[in-house]
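Beneath this line is the structure, given in structure tokens, with notes to follow.
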Amino acid sequence: MPQRIDPRIKLRHLTCFLEVARLNSVVNAAEALHVSQPAVSKTIQELEHLLGGSLFDRSKRNLFLTPFGETFHRYASTSLAALRQGLDVARGAHEAVTIRVGALPTVSARILPGAVAGFTARSPGIHTRITTGPNDYLLTLLRTGDVDFVIGRMAEPDAMAGLSFEHLYSERVVMAVRPGHPLLGERHFNLTMIERHQTLMPTPSSLIRRLVDRMLLTHGITDLRDEVETVSDAFGRAYISQTDAVWIISEGVVANDVAEGQLALLPVDTSETTGPVGFTTRTDTAPSLAASSLIQSVRDVAAGVG
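Next comes the structure, spelled out in structure tokens:
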């Protein structure tokens, strides 16, 4: 039989706890909640007494969650988000429930369409807002709370402070060209042959640029012809369909185009550019019930990616 929730635990306890955890400070939480500092301290102490464990490590200047507190935080934040969502739906305010997703182009083309279709079929009335762009831009939106989570390649370690990553699948960089491209007819193709053609490259701020530069240097390629830097998948598709340019891009961006015969891949081993693709979330905030449902839908679709 499930254990009863102690009726002495009130909504004010959870709200106060989540604010202190978010801000790592009783003083700042009191200011955010428009109550006194002693009131916040007393509320946290009451909650710890009711739960039978210490929620915060008070040995340092700022407050940090204990392992017990981290566990409780995951469920408390999700429960409160679910309650807010339920109130919105019950009041008929469907427009108030919007899942905000930051997605790199590789995921927007390969994973998200099927995931969003499945999610919206199961969750009518909940809106989904997709924002695409460079990884550093999306991580900024994540840190400011303007997106609920980001899907794409894992960022460099120094950019992951306060963030966590869940691996979904691995993906390589490929070299895409139009069908009938001269390089596709080469009997003994080697990578240096791309120097004869214009190249579309990822921008310096993109996650895959460092991997691409290293791969090219390994093959002695240092001077590409009339290089164009872009993260626009729409521009990339249009440009290589009209020219003999070579588009160096994440496989997921062009996977559907290749499968449909609209683009072709050069026969080059790019396994050294393989990297993890998955979810990036904030460590101080648990996804809402609706966001968790969309996340699971993405997992289901990603499970079929080879």
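Quick note: the sequence shown uses the numbering used here, first residue -3, plus one each step. Virtual Cβ for every residue (Gly too), placed ideally from N, Cα, C. In this text the structure is predicted, and so the values were computed from the model without any measurement.
Neighbour-count burial assignment, residue i, 16 or more Cβ in a 10 Å radius
i	result
isoleucine 1	exposed
phenylalanine 145	buried
glycine 300	exposed
glycine 98	buried
histidine 215	exposed
histidine 69	buried
leucine 259	buried
glycine 121	exposed
glycine 248	buried
leucine 61	buried
histidine 90	With a pLDDT of 46 at histidine 90, under the threshold of 50, the modelled position of that residue is not reliable, and no figure is offered here.
serine 284	buried
serine 32	exposed
serine 73	buried
glycine 158	exposed
aspartate 222	exposed
aspartate 253	buried
Option in the options with minimal Cα separation from residue i
i	options	result
histidine 163	Ala157, Ala155, Arg174, Ala151	Ala151
leucine 43	Ser55, Asn24, Asp154, Pro3	Pro3
tyrosine 71	Ala155, Gly110, Ser37, Thr11	Thr11
glycine 48	Ile5, Leu76, Glu15, Val31	Ile5
threonine 239	Glu191, Pro198, His177, Val208	His177
isoleucine 245	Asp219, Arg206, Glu256	Arg206
leucine 76	Pro153, Phe13, Arg295, Val297	Phe13
leucine 7	Leu79, Arg221, Gly65, Phe64	Leu79
valine 103	Leu187, Ala251, Pro34	Ala251
leucine 290	Gly158, Ser55, Val93	Val93
asparagine 186	Pro200, Ile204, Leu262, Ala282	Leu262
glutamate 66	Leu100, Val16, Lys38, His45	Val16
threonine 266	Val224, Leu159, Ser73, Met211	Met211
glycine 148	Gly129, Ala157, Gly158	Gly129
glutamate 225	Gln194, Asp253, Thr218, Ile217	Gln194
Whole-number beta carbon distance between residue j and residue i, since they are thought to touch under 8 Å
i	j	result
asparagine 131	serine 202	7 Å
asparagine 58	serine 21	6 Å
alanine 298	tyrosine 165	5 Å
proline 175	glycine 257	7 Å
Euclidean distance between Cα positions of residue i and residue j
i	j	result
tyrosine 235	alanine 241	8 Å
leucine 213	methionine 189	14 Å
valine 143	leucine 135	9 Å
alanine 287	isoleucine 95	6 Å
arginine 125	valine 112	10 Å
leucine 196	glutamine 292	34 Å
glutamate 27	leucine 108	39 Å
glutamate 182	valine 264	12 Å
glutamate 191	aspartate 296	40 Å
threonine 140	leucine 179	45 Å
valine 173	alanine 155	33 Å
leucine 30	arginine 54	Correcting the residue type first, residue 30 is histidine in the shown sequence and not leucine. So the two alpha carbons sit approximately 23 Å from each other.
lysine 56	arginine 106	45 Å
tryptophan 243	serine 237	10 Å
proline 63	isoleucine 204	35 Å
histidine 45	valine 23	21 Å
valine 36	leucine 19	13 Å
threonine 199	glycine 110	28 Å
proline 375	alanine 282	Residue 375 falls outside the range modelled here, since the chain spans only -3 to 302, and no answer is possible.
alanine 359	leucine 137	Because the chain here runs from -3 to 302, residue 359 falls outside it and cannot be looked at.
glycine 274	proline 153	15 Å
alanine 117	threonine 39	41 Å
leucine 100	phenylalanine 161	15 Å
aspartate 219	histidine 184	22 Å
tyrosine 133	histidine 123	22 Å
aspartate 209	threonine 127	27 Å
isoleucine 217	phenylalanine 52	54 Å
Original post:
Hey, is the stretch 263 to 270 in contact with the stretch 168 to 175, meaning 3+ C-beta pairs nearer than 8 Å?
Top reply: yes
Original post:
Is it true that the stretch 224 to 234 meets the stretch 273 to 280, where meeting means three or more beta-carbon pairs spaced less than 8 Å apart?
Top reply: no
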